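Enquirer:
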Amino acid sequence: MATTNAYTGNTLVPSTTGSKQLTSTARTVDSQSILKRLQTELMALMMGGDPRISTVPVEDNIFCWKGTIKGSKDTVFEGKEYKRSLAFPNEYPFKPPKVKFETACFHPNVDVYVNICLEIFQDKWSSSCDVRTILLSIQSLLGEPNISSPLNTQAA
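Using this note's numbering, read the sequence shown as starting at 131 and increasing by one per residue.
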C-alpha cells in the first residue's frame, strides 16, 4: 500500500525488499524508521491523556495530522481551542514538520496565512524534538509571544 506524504507530495511505495521507497528517483528514504517514529509519537500523544493537546492522522495518513491546542490558563487565550495541522517531511525527524493553525489566531507569532513562527522550526530544530514538544511549545508561545520576532506586527 502506498502512502502519500502531504509535506512533499512524494509517494512511498513498497519495494521488492519490503521497505518503502520514494517514487522520486532523487533518493531512497528509510521510511520504516520514519513510520515507526511517527507511530510511536502518535501513540504516546494519544495515550498521554494531556487535555491541552489532541491529534489524529488525517484519513489514516501518518504524514499528516490534525488536532487541537487549548489556550493556557491565565492568558488571553484561556478557554479558546485552536485547530492545527502538521505535515511531516520524508526527512523527519531531521527536518521539522510544517505546522499551521486551521483556526484564525490573532497573535504576534502567527501570520495572516496562519503560519507559526517558532524558533524550534528554524535554527533550533533538533532531531530529538518530538511532536509533544512541538505542540507544548506552540501552546506556550500562545501565552508568551516572542515580540522580538513577530510575523504579525499588528498583533505585537
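We put the beta carbon where it would ideally sit given N, CA and C, even for glycine.
Please read these numbers as outputs of a predicted model, since none were measured by experiment.
Okay, do the segment 271–284 and the segment 243–259 touch, 3+ Cβ pairs below 8 Å being the bar?
Expert: yes
Enquirer: Taking the alpha carbon of Glu171 as the reference point, which residue from Leu272, Ile264, Phe251 and Ala286 has its own alpha carbon closest?
Expert: Ile264
Enquirer: With distances taken between CB atoms, is the gap from Ser258 to Phe224 smaller than 7 Å?
Expert: no
Enquirer: Any idea which residues DSSP pairs Ser215 with across the strands?
Expert: According to DSSP, Ser215 bridges with Lys196 and Lys230.
Enquirer: When the Cα atoms are used, what is the spatial distance from Gln252 to Pro226?
Expert: 8 Å
Enquirer: How is Thr205 classed by DSSP in three states: helix, strand or coil?
Expert: coil
Enquirer: Any idea what DSSP makes of Val244, helix, strand or coil?
Expert: Three-state DSSP puts Val244 in coil, outside helix and strand.
Enquirer: Does the beta-carbon of Gly364 have 16 or more other beta-carbons within 10 angstroms, so that it is buried, or is it exposed?
Expert: In the structure as shown, the chain begins at 131 and stops at 286. Residue 364 is therefore absent and cannot be evaluated.
Enquirer: Going by DSSP, name the residue or residues bridged to Pro187.
Expert: Trp195
Enquirer: What is the residue span of the alpha helix (DSSP H) that Glu221 lies within?
Expert: Where Glu221 is concerned, there is no enclosing alpha helix (DSSP H), given that its DSSP letter is neither H nor E.
Enquirer: Since I believe Ser202 is in contact with Gln269 (beta carbons under 8 Å), could you give me their beta-carbon distance rounded to a whole number of angstroms?
Expert: So it is a contact: roughly 6 Å between Cβ atoms.
Enquirer: Would you kindly work out how many angstroms separate the C-alpha atoms of Gly209 and Thr185, rounded to a whole number?
Expert: Inter-residue distance for Gly209 and Thr185 is about 18 Å (C-alpha atoms, whole angstroms).
Enquirer: For Ile183, which of Val261, Asp204 and Tyr222 has the nearest alpha-carbon?
Expert: Among Val261, Asp204 and Tyr222, the Cα nearest to that of Ile183 belongs to Val261.
Enquirer: Where does Thr158 land, buried or exposed, given buried means 16+ other C-beta within 10 angstroms?
Expert: Model confidence at Thr158 stands at a pLDDT of 42, short of 50, so the residue's coordinates are unreliable and nothing is read from them.
Enquirer: Using only CA atoms, which one of Thr205, Asp190, Tyr222 and Leu216 lies nearest to Glu274?
Expert: Thr205
Enquirer: So Arg167 is in the alpha helix (DSSP H); what residue range does that whole segment cover?
Expert: Ser161 to Gly178
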